Structures are given as structure tokens and as C-alpha cells.
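Input: a single structure, listed below in C-alpha cells.
Protein chains: 4
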Amino acid sequence: MGESQKLRFGLIGGGEGAFIGAVHRLAAELDGEAELVATCAGSNPEKARAFGAKRYRVDPSRSYGSTQELSRAEAALPESQRIHYVIIATPNHTHVPIAAEALDAGFHVVSDKPLAADLQSAENLLQCHQGSNRKVAVTYNYTGYPMVREARALIASGAVGAIRRVQCEYLQGWLANAIDADNKQANWRTDPARAGAAGCFGDIGSHAENLVHFVTDLEIESLCADLSTFVPGRRLDDDGNVLLRFEGGAKGVISASQVAFGEENALTIRVYGDRGSLTWAQQEPNSLILRSMGKAMQILRTGGGDVAPPTAAATRLPSGHPEGFLEAFANVYRGFHADIRGEKTAIYPRLEDGVRGMRFLDRVVASSAAGGVWLQMEKSA
Amino acid sequence: MGESQKLRFGLIGGGEGAFIGAVHRLAAELDGEAELVATCAGSNPEKARAFGAKRYRVDPSRSYGSTQELSRAEAALPESQRIHYVIIATPNHTHVPIAAEALDAGFHVVSDKPLAADLQSAENLLQCHQGSNRKVAVTYNYTGYPMVREARALIASGAVGAIRRVQCEYLQGWLANAIDADNKQANWRTDPARAGAAGCFGDIGSHAENLVHFVTDLEIESLCADLSTFVPGRRLDDDGNVLLRFEGGAKGVISASQVAFGEENALTIRVYGDRGSLTWAQQEPNSLILRSMGKAMQILRTGGGDVAPPTAAATRLPSGHPEGFLEAFANVYRGFHADIRGEKTAIYPRLEDGVRGMRFLDRVVASSAAGGVWLQMEKSA
Amino acid sequence: MGESQKLRFGLIGGGEGAFIGAVHRLAAELDGEAELVATCAGSNPEKARAFGAKRYRVDPSRSYGSTQELSRAEAALPESQRIHYVIIATPNHTHVPIAAEALDAGFHVVSDKPLAADLQSAENLLQCHQGSNRKVAVTYNYTGYPMVREARALIASGAVGAIRRVQCEYLQGWLANAIDADNKQANWRTDPARAGAAGCFGDIGSHAENLVHFVTDLEIESLCADLSTFVPGRRLDDDGNVLLRFEGGAKGVISASQVAFGEENALTIRVYGDRGSLTWAQQEPNSLILRSMGKAMQILRTGGGDVAPPTAAATRLPSGHPEGFLEAFANVYRGFHADIRGEKTAIYPRLEDGVRGMRFLDRVVASSAAGGVWLQMEKSA
Amino acid sequence: MGESQKLRFGLIGGGEGAFIGAVHRLAAELDGEAELVATCAGSNPEKARAFGAKRYRVDPSRSYGSTQELSRAEAALPESQRIHYVIIATPNHTHVPIAAEALDAGFHVVSDKPLAADLQSAENLLQCHQGSNRKVAVTYNYTGYPMVREARALIASGAVGAIRRVQCEYLQGWLANAIDADNKQANWRTDPARAGAAGCFGDIGSHAENLVHFVTDLEIESLCADLSTFVPGRRLDDDGNVLLRFEGGAKGVISASQVAFGEENALTIRVYGDRGSLTWAQQEPNSLILRSMGKAMQILRTGGGDVAPPTAAATRLPSGHPEGFLEAFANVYRGFHADIRGEKTAIYPRLEDGVRGMRFLDRVVASSAAGGVWLQMEKSA
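So the protein lines, in turn, are chains A, B, C and D.
According to my numbering, the stretch in the first sequence is residues 938 to 1318, in order.
According to my numbering, the stretch in the second sequence is residues 938 to 1318, in order.
According to my numbering, the stretch in the third sequence is residues 938 to 1318, in order.
According to my numbering, the stretch in the fourth sequence is residues 938 to 1318, in order.
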């Protein structure tokens, strides 16, 4: 495809009352590299058709009522009009079937995280995908922040030495109380049939696991989890702590909560090695604290000089011009778009990352269910 | 025009090596309400034509070599294709002539700030514009931050009582040293012929003045300025402090510097009244500190509950999902687009704000040139 | 004893190269309520005699060479000259025998923490002390900060509702590398014979446990610990994480490390309830973050208005005049002095707190040694 | 005098309802180098005698009713009992007469700031003191913070290059409203007869001037002041801004306010040179931000390694153990005590600093009274 041509995509999800669908669209379009041309905006066909055309201004003929309709109709369009990829921004249990259908139809796929509602279906998808030349991204969007990329690059370059301790927290408070019956986002996230066996951990603990992996490149060897459900009547965990032992001897803790009263979206990671340490916090994402051997504490800043190439490539503005959540999310799309266009070094979270995340969730839930025992992580096949 | 139709715009400026042109484009397009369809990307016609098509992916037939060419050709297009507005992202001395030409051709106008290189031409533009139904925005983009809007709303509602003291600073360090001959952005900003009589104050002091006015609604009565040029050979101020006396008795200070070594883009405002105070800092834009009578210090957060309608309208994400510079800039475009579409309550900086800014710069330069004497501000005609 | 009379104390420990002995002295004397009149400044009698007189300016006749010497000689002095209490600032394994000896001699006792090198001797001391009218303080000094007291008072008053999640960390980096042979402070802390079975957890994890108890008043029901020794050749833990289950259903995590590269003395506590949350960090001790139902985040400040009486009583200066580590430490002594003088409501950590701390350490070490299993905490007898 | 002997001092001021007298005592005694043995605790002789003995536990025979009484009686005591110095913690207009009397009686002197209520009497004191071997300290206590000393040392060593811009603010809010008739501290500070011609500037602006001089070693060449009195009925300035031109070409601003609603004790200084910059804030005094050529922003910390000797000498604790206002104040006394004991390199603010401060206040008041004109600073004789 031509450099000058925008990529075209279809958005699945993002219906009335949804949040993340519109974010995907903003992020995908931010750099002017792609445009939304088709939607399937909700599970009710009629509403979806009406809402897609109205809310997203797509051509009414491409505001579809079901994913099947979308796949069939788009596949039938001439290549110059047809979508290149679909974005799946729906409840967890539908990610895999929709992704499989879209891959079958020849489209690349962006799936929200976690990749699935259970490990088995994630692994099935991985197996089906073997040998395909279609690209799959899983939107662990926090990997898109420039300072997260810098943290990864610094660690890879030995700036903190051999890692000993990793602490990652993801604390929110928005589910601290029983939720309203009409809160769409909260409802499916607390329903095992749609969210899967992990509640809070599926929704945000999975981000923490991915961030740890992305930044440190460490593999979890075993873990011990203690999940809780604090809000009466809730059917899934809304809080938990997990002890980690990594291959090679490092230790870690992941804490996640959606009942941490007053917390907004407090994702932080700290990595301590034998020669230095790094601290990053999503709510002030443009700073990265580096402490290293024989030096005063340093604050590295987005847009500052002398950073790794992936950091620079993820930065749009000079230092002091804050870049935020949408820009980071858009960087995942930048990588995905680059991969579609054939760039070999594109950085973005892929299908394998999504499957690794499901293995983590599977073990976390099992460990906690067994009373908080240590379980080995299964290795990738 | 139809709700469902995107607004079309042409970008003037944003040539090779430029910074702010691309920012305007991202900001204007962020919400999917407008799209770039025409460019005039530089002062050299041939280069501009080639660069616009390549960099911005506009149709080559609409990548123009001069503003005249753009105005003429676009005006000749059918209304369904023709641009609705132009964005002027060029050196200061060209803003007014290009704006006048675009208004003549029937387009709405977005001009970067300061509005002009001198007060007289700004006032001429204001006069010419009287009675026109074309809209003019001046991109004092910092007014687009949700917490800046909240500050304005809180002050208007009496949250700090009667204002006594205002402190506004805008400190950068990027011009702390002599600049390279090929640094386009730095070069025109330090050239009186292109920037006007105010250097640092024209470039960023003008933002400070506008922010003070937007947040407090106070009018400057008189001022006393002490500008400096620290870098040898520089022909315009690169630093300065201005004492302010406002109508009604409040006092203030505006400090601006582009030689404040190590500062990135440190715009801050603090407003102290007889019953409370507010503090906001652009580099951590999602927090607003409120201290009020008989209460502990409060940190208000973007996306937090119970805010004024203009704050909510300027917010895209839940709290804890940082919104940054581009989102704020895009909020200026939101207001401008809304005004074009006929919304009465659209908030964005207008031509009058641009002219007020020029009056401020005129007095600042005159005061300093006279050794730092107090001068009255002229009232709006 | 008379109000106007200063209390007299003897300092045991604080020899050459020591750190905490001098801190005890500054803290005990800070308010002009007590004065150092006797020392036993080291384990070598001759050096101790010389050093006490020189370093602490006590009368040479009261710079003793051994604790026995001190007890005997002081007990023989007339009541108007004799010390009222001893401060024990020596390695852990000596706390209990010295305390027992001092109590026998009729003195009140201040012991550094942890109370002992093993649980059994701590419980023995507790048993011996039953019925005595001598006072024993254990210097969990972080309880002395005004904002820690305010946190306790707020939680007791229901400001955060029912507690769900507690996170307490104490991270240091000073033992990140192998230590010099002549580093006195580091040496005994990493020697099981002198420090006890817990290294990092004995030294600083014990502070975390006490802080959690002081602030929340929760009792640990069971715990699961994973301790590590990262520095080669070290014989005790230098890092660890402990999952907590509290009576009543709350959960928690305590993390402690002395190999957290670059951390100074990063003790923090966060408490999340069903109606609010609190955050405090020792390195910025004069702020306490409170988030509560339907309100913006509040920053409470030392010296600010409308605080609980114990908070006010622990504050010496108006707000904005930072109070630090020494002032907090001195507040422990304030409480201890007040108790000696007969004030019923004196707040300071007592023998029971020291014993509870030893129970915690005992279980932490046992859990970790068993591979990280859940163990019940023994109840107080 | 012997090394092992404590210095003895008398406290003048610190009567009922006073604040700073008790602070002086704590600070002077903090290191165990000096002890309070005499008082003159208030202007009413009978109350002073009673209060001194009770509040400060001095021997009733040395709780004096007037300064004359104190000078006469102490001078008559044998040298081994007599005080070495007096601390003057009384309203401004009494500093000079009390200091003169104490010097006459042979005592060293510590005076609170500003040195006097008017420039003339300060200069008289300086003249009288010529050739005396008595020491005079003026308690510009903020110079005692370790990180302030480090800032001074870094600047002297060229770490920021040639200074261009200095910004110093001292903002408080405690006088934002009309004060109660029985608020002793507020009352004399707003009374020209006792405070002198400068209100807010005398009380805290003087600290700012001294801090600028201490840190930068720059001399003010001329200034332009705009003082305000916001609270109705107040007879002295409660707010103001001063533009500064330093010898050698640097520029500056000093802002001070006691009506900055909600501010506690917000003293900050920022110094920008052509190769670096420094920022320090009194409310988080243990951090110093350094930005220098080609490096990321660094946070230097009290107790951190590799600092200048005066910084190390002003530090009592390892990093991460916050030192506060009292410790900094005590460092002024450390320097003063060292000077009395004959150390040549003792650092503390002296009589000359007090006189310089009065020159500054004199010009500030005169400039503002003339409508805000530029006035030259008189040079030291």
C-alpha cells in the first residue's frame, strides 16, 4: 500500500455508554495515519447501525449491526475502500471469537486487553494465528508512554544493573461502592460470564503484569496471590496482591485494586537493581526518576535530550508540553500501523503478550482460590 | 452546514523545520470534527508545494505555493469542497496580512499568537473585522486546559473572594545560549523584523498576559516593565519582569524568560483573594490547588466530579488519565468549531483577546525602553 | 517529682561510630524536659569511659564503662542526682538483658527497637515487668510525627470508614552493596548473633508493622512472607514482602528493603477504607493526604487548624515551618516523660508494642523459611 | 573557655503569647552546646519575672524583670556563672538599644531580624561595634538549611555560571484578614512604632533579601518597589513586589506577602545562570533542584553524598531523615557558638548582614512611597 494512503479501520464496540471505544478511535486517528470508516457500535443490531452513523460520522452503509455483517460486507468491498483492520473494544469474552472472525476475513486486528475471558481460548487463538501474516495488537496502552519506553531502554542498557526488586501497583477507586444497575462499564467488568474469572486483575492487574514484562523483560517463575472481594454481592475480585518470583532470582509484588478509595488511575512501577533504580507513575507520566551509582537522583523528562530511539519516536512535543494518555495510546497504534506498513522494528504489544497476560491471570486466580499458595507459571509452548 | 460534515481547513505555515504548524493540525483534527485539506507550507512556493503534499498528505492540487494562490483557488472551489477556515502558523509579522486576505476571501481564521508584530496592524485588523460574520480565533492555547477553565469558573463564582495578588510566570530555557544559524524557530523569534518589538514577551509573555486575563477577568490599569537581553548579540528581550496594577486595586507580577536555564515550559499562575487562592502549573496541568476559608488545601483534578460546565466540556477522559498540551490546544479548536456551527456559548480566545495582548506588549516594551517607568494601559476603543 | 525539675537520664550505647545514640540524646533533650547526665558509651570499658566524657560532656565520674557499673553507681547516688531512666541504644541482642538490669535497679527504660533479638526473651521481659510501676518505651519513633497521629485520630473517628486495604513500605538502599568491614552500624545489623533472625525486617520492617498497628489499630490474623538476601555473603534478609490478613477482613502488604537502590528512608503508609483513604510519607512528613466521600483530595498539614489533640500536642511550630525526624523522635520522649510525670493520656510506644513487634518478626521469618506459607499470628497472652 | 563547657545565654523576649523566643531557645540548645540560664521574658517586669522562671525553668534569681536588671546582675556574677550572650527576640524597635546595652555589658549578642526599626539606628550600632571583639548574630535563620548552604557553595563554584535571573518569594497568608486585638505577634508587626516603616517586608521580605545575598553573593544596585496594604485599617504594607537590578547585570524579583491566602511559609529561591540553575523551597527544604549544562535535572538531598563542607557541617542525620526549621535555626547558633569558641570559618549572619537588610528596607519603602520608582542602593561605607 502507498505511504500516502491512510489506513482504514472498523471499530467494533464503542456503543452508547461505552468509554474505551471512542478512545481507540482518537488514538488510532491521532497521527493522521488512519481513519475510521466502519463501525459495529453495540450488540443490538438496530441501535448499533443508528449509533455508528451518528456518533462516529461513518457512512451509514458502513455502520453495521453485527460483526458478521461487517466482515462480510467489508471483505466484499474493493481493496481500495475496504478496511485494513478492526479494533475490538468489547467485553472480554467476545475478543477471541471476533478476532478469529476478522482474521479469517483477512483483516488485521487490534484487541483490547485482556485478550480473552479464559486462557484456553487465548491459546486457541494463538495456535490458529501461527503462520498468518495478519498482525494482531493487544492494547496494553501504557507501554506507549515515552518514559516507559525509556525505562525499558535504560534497563536493557544496564542502567540499573541486575534487577532485584520490582513493585508495580495499579490502584483505582471507582468501584469502591456498589455500582448502579445502569453503569455499563462497571456491569460487565464485574460479571464472570463476560469478564472472565478475574475481575480487578483482569481489568487492570493485567496492565500491571504487562508493564512489568515490557519494562524489565523478566519472566515470572512462580507467584502467590491473595485476591479479595470487598463490595458485598460482587462476584469477582475487586482487589488483590500478588507476590512474584522471577526467573533469575528477582522478586516482585503486583498490587491492584478498584476499591482503593480516592485513587484515580494510579499505575506505578519501580525497579531496583544492584546498580540503580527507576520509578515511573502514570499520573505524572512525563517524568522518570533514575537513581544510579554515585549520582544524585535524576528526573528524566519526556522531550528531554539524549534518549533511546524508541523514546524519541514516541514523543510528539518539546519537553514541558505534557503528553498524556491519548498520545501514549496512539503510540501503540503508531507501532501497529508501522508494522502493517512493513517496518521491521515496530514496537507494540502483540498476540504473545496477550497470551502471556492470560497465563498470569489464570495462575493468579488459581493461587488465590487455593488459599494463597505458590504456583509455577507455565512456560510458553 | 450539516452536523455530520467535517469542517475543512487550510494550514498556512508548518513548513520544513517548523514546530507549531503540525501541532495546529493535530489539535484541529483531534476530535474528528475537522480535516486538513489544503496547505501553504512555507514561504518558498516550490518547496511549499512539494512539502505540503508529502508531509501532510493533502491532495497535491491543494498544496499551494502562496497564500494568494490558496485564497484564490479555494474560493473558486464549490462550497462542498472549499475550506471553511485557514490556520495561520507563520512568523508574527505575517499574521495580520494573511488574516485580512483570508477574511476577504470569506474564510474564518485561526491565527497563532501574538496577533501581530505591532499594535497598529492588530487594531487595523480589528477595525476591518467589525461587522463581519467570519470568526477569528487567536490560539492562546493554554486557556484550553480543563483546570484553567475551572480556575476561571471558580474565581467568577467567588471562590477566592476579591482578588488581591496575581503571579504569573512563563519560564523557558531553550534560548539560554546563542542559537544555531539554522534553527528556524529560534531565528525568526529573535528577529525584530519578523517577531515585532517584543521577543520573549511577544512569544510567551503574551500567553501569560492572556492567561491572567482569562482566569481573573481583571483589566490591567498600569504596568512597569524591566526587560533584559542576556545573550550577547540578541536583538530582542529574552527575559523580563513586569509589575502590574489592575483596575480595582489588585496587584500582580508577570515574569517571562527564555533564558531560564533548565526550565522547559514552566507556565504557572497563582491568584490570591481575600477568601481563597488558586494555583495552577502547566507542566502538571491536571491538578488545580484550591485553598479556601476554613478548609484544608484541596487538589482538584481533571475528570474529577462537580466541576463547572466549561471544565467538563473540555475533558475527554476519566480522572487519572492525563490530558496534555494537545488536548488543551484541541479545546480551543472545539470552541472555534462550535462557534462556526452556531453554538452561542463557545469558549475560545478571539480577535479582541489578540488585540488586548498587543496593547500589553506595546506598553511593556515602552515602559522598559523608558527605563522601567509606570505606564497606563490604553483602554479598548 | 517537681514540675520544674528536669528528668535525668543515662545513655547506653552511642559509642564511637554509632548513629542512633546521639539521636536519642537530641530527642530526649529537645524540649528542655530532660538531660543526659550519665553514659555507657560502648562495649569496651576504657573506651566507653573516655568517649562518654568527651563526646557527651557528662561528668567523667558518670561516664561508665559497663552497664553494671552504671546501674550500681547511679542507684547509689542520692535521689536528687540519680538518673530517672536509661536509654538503650545498643545492638538488638543486648536490649532485654540491659532493660531487665535497669528495671531491677529501679530505673525507667527506653529501648530502641526491635525490643529483642528473639521473641522468647521479649516475652520474658514482658512477664518480669508485670506489676512493675517502672515505665518502658520502645522507640518506634515514626509514631511521633504529628501527621501520623492525625492519621490515627482520623481513622479512629471513622474518616475512612471500614478499612479494606493497607499498604506500608519501608525502603532503603544503603545496604545495596557489600559493606565495609569497619561499618559498625551495618555490621551488627547483618549479624544474626546480634541482630536476631530478621535482618532488614528486624531493623525497618518492624517499624512498618508498628506504624500499621498504630495508625489503623488492626490486628494481624495471618501472614505470608517472602524474604530475600540479595547481597552475596549476607547472612540475614535484606529485602522482603509480606502479605497480611487482618482480623475483620482487611488485607495488607508490608514491603521492606535495604537494597532498594537509591531509596533513602522511604517509609510510607496508605490506608483505604470504604469511605475514604489516607496517605503519608515519612520523607515529606508534614503533609497527610485525605480523600473522602464526595470531596476533592485534601492535603492536611502539620500546624494546620482543626486537628486532633494528640496531633496538636505533637506540633511545635506554625504550619509551613517543617518539623522533621528529630522532632518526631522527641515526641516519643514527650509522651514517655509525661507518663513518668503522671499524665494519664501520654501517647508513646510501650513494652506491649515491642512484644507485638517481636511476634510479627517471628512469624515473618518462619513463614519465609517454610517457603512462603500462611501462618497465624499468635495472640497476646 | 573550655571545650567541654556549655555556653550560657540569657533570653530577652519570649514572653506570654510570643512565638519566636521559645524557638530561639530550642535552636540555641539543640546541639547541647549552650544552655539558657537567664531570662527577661516580657516588658512587664513582674510578669516577666514570674513567667521566665515558670516557662523556661531558669533559676528565679535569674528571671529578670528588665534588660537593665539582667545586664547589671549578670555582669556582676563570677565569670564561671555569668552568661556569655543574650538573645534578643523582641519587637524590632528594641533590638538596637538592647543590643547596645548588652555589648556594653560585655556580652555577645544574637538579635532577631530585621536588625532595627530604621536604618539610622542600625548604622549607629554598626559604628559603635567597630573594633569590638564581641560577636553579633542576626538570625536570618533560613541560611541555616543544609541545602541553602549547598546552593551557595554550588554557585560559588560556578555550577550555574554567570547569574542572570534571581526570583525569591516569601508568601504567607496568616494576615489575610483583620487580626484580633489580642494577637500579640500580629499586633506589633503591624504597628509602625514597633515594627518600623516596613511591615510585611520588614518581617519576611528581609529574609528574602538576605537569602538572595547569601546564596548568590550579588549586590543590589537599584530597585523598584510596589508595596500594598490590602487589609483595611492596616498601617503597614502587607504585600509587595520589588524589581531588582544587581551589580554586574543580573536581574531579579522579590515578592513578599502576608495576605497570600492559604500560603503557610512559602519561601522559595530560584537562581538562573548561563550554565545552570538552582531551585530551593523552604517547605520541602531537604531537596535542591539543580539543572546544569547537558545533564538531566538532578535532585540533591540533605544527607546525600559529595556536598560542600558547610553543607555537611549543617547536617545531623542521614538522607531521608527530614531535617526542619529548628535544625536550620540551630545551625545559625552552631556558627555563632563556633565563632565565640574561636573557629575562624564559622558561618552565620552577622551585624553587616543586618545593616544591609535595613538598607534594603529603607530603599524599598522609599521607592514605593514615591510611586514605584527606581532607586539606587547606598553602598556600605
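We put the CB at the ideal spot given by N, CA and C, even for glycine.
Since this is a predicted model, take the numbers as computed values, not measurements.
- request: Return yes when the Cβ of residue 1222 of chain A is within less than 8 Å of the Cβ of residue 1193 of chain A, no when it is not.
  value: no
- prompt: Counting only beta-carbon atoms, is residue 1199 of chain B nearer than 8 Å to chain D?
  reply: yes
- prompt: Excluding five sequence neighbours on each side, which residues of the same chain lie with their C-beta closer than 7 Å to the C-beta of residue 1211 of chain D?
  reply: 1098, 1099 and 1101
message: Considering only their Cβ atoms, is the gap separating residue 1053 of chain A from residue 1029 of chain A smaller than 8 Å?
response: yes
message: Contact criterion: CB-CB distance below 8 Å. Does residue 1279 of chain B meet it with respect to chain C?
response: no
query: Which residue comes first and which comes last in the alpha helix (DSSP H) that contains residue 1143 of chain D?
result: 1143-1153
field: Interface flag, residue 1249 of chain C vs chain D, CB-CB below 8 Å
entry: no
- prompt: In chain D, which residues lie less than 8 Å from residue 1237 of chain C when you measure between Cβ atoms?
  reply: Those do not exist, as residue 1237 of chain C stays about 12 Å from chain D at its closest Cβ, beyond 8 Å.
- request: Starting from residue 1233 of chain B, find everything on chain C with Cβ-Cβ shorter than 7 Å and list it in chain order.
  value: 1235, 1236, 1237 and 1241
task: Would you check if the distance between the CB atom of residue 1075 of chain B and the CB atom of residue 1291 of chain B is smaller than 8 Å?
output: yes
field: Beta-bridge pairing of residue 1182 of chain B - partner residues as DSSP gives them
entry: B:1159 and B:1188
query: Distance, Cα to Cα, residue 1236 of chain A vs residue 1227 of chain D?
result: 10 Å
query: At a Cβ cut of 7 Å, what residues of the stretch 1162-1193 of chain D count as close to chain B, listed as they run along the chain?
result: 1163, 1165, 1167, 1176, 1178, 1180, 1188, 1190 and 1192
- prompt: Since residue 1256 of chain C meets chain D, which of its residues come closer than 8 Å, beta carbon to beta carbon?
  reply: 1201 and 1202
message: Contact criterion: CB-CB distance below 8 Å. Does residue 953 of chain C meet it with respect to chain D?
response: no
query: Taking any Cβ of chain B, which residues in the stretch 1302-1315 of chain D have a Cβ under 9 Å from it, in chain order?
result: 1308, 1309, 1310 and 1311
query: Below 8 Å between beta carbons: does that hold for residue 1199 of chain D and residue 1110 of chain D?
result: yes
field: Any 3 or more C-beta pairs closer than 8 Å across the stretch 1255-1272 of chain B and the stretch 1079-1091 of chain B
entry: yes
query: Listing by chain order, which chain E residues have their CB less than 8 Å from the CB of residue 1221 of chain B?
result: The chain inventory of the structure shown lacks chain E, comprising the protein chains A, B, C and D.
query: Which term fits residue 1281 of chain A, buried or exposed, when burial requires 16 or more other beta carbons within 10 angstroms of its beta carbon?
result: exposed
task: Going by DSSP, name the residue or residues bridged to residue 1022 of chain A.
output: A:946 and A:1045
message: Please list the terminal residues of the continuous alpha helix (DSSP H) segment that includes residue 1084 of chain A.
response: 1083-1093
- prompt: Exposed or buried, what is residue 1316 of chain B when buried is set at 16 or more other beta-carbons lying within 10 Å of its beta-carbon?
  reply: exposed
message: Here's a check: name, in chain order, each residue in its chain whose Cβ is nearer than 6 Å to the Cβ of residue 1209 of chain B, leaving out the five neighbours to either side.
response: 1101 and 1102
message: For the stretch 958-972 of chain D, list every residue whose C-beta sits within 8 Å of some C-beta in chain C, in sequence order.
response: 960, 962, 963, 966, 967, 968 and 969
query: Just curious, the beta strand (DSSP E) that residue 1224 of chain A is in, first and last residue?
result: 1224-1229
message: Please classify residue 1000 of chain B as buried or exposed, where buried requires at least 16 other C-beta atoms within 10 Å of its C-beta.
response: buried
message: Suppose you measure from the CA of residue 1121 of chain C to the CA of residue 1047 of chain D; what does that come to, to the nearest Å?
response: 39 Å
- prompt: Hey, does residue 1213 of chain C have any beta-carbon neighbour from chain A nearer than 8 Å?
  reply: yes
field: Short CB-CB distance (under 8 Å) between residue 1262 of chain A and chain B
entry: yes
task: Could you list which residues in chain D have their beta carbon closer than 9 Å to that of residue 992 of chain C, in chain order?
output: Within 9 Å Cβ-Cβ: nothing; residue 992 of chain C doesn't reach chain D, min ~10 Å.
query: In terms of DSSP beta bridges, what is residue 1111 of chain B paired with?
result: Per DSSP, none; premise fails for residue 1111 of chain B.
field: Contact set between residue 1113 of chain A and chain C, taken where Cβ atoms lie within less than 7 Å
entry: 1211
task: Have a look at the DSSP bridge pairing and note the partners of residue 1302 of chain D.
output: The partner list for residue 1302 of chain D (beta bridge, DSSP) is empty, contrary to what the question assumes.
- request: For residue 1049 of chain D, count neighbouring C-beta atoms within 10 Å of its own C-beta (all shown protein chains included) and say buried if the count is 16 or more, exposed if not.
  value: buried
task: Note the first and the last residue of the continuous alpha helix (DSSP H) segment covering residue 1264 of chain C.
output: 1262-1277
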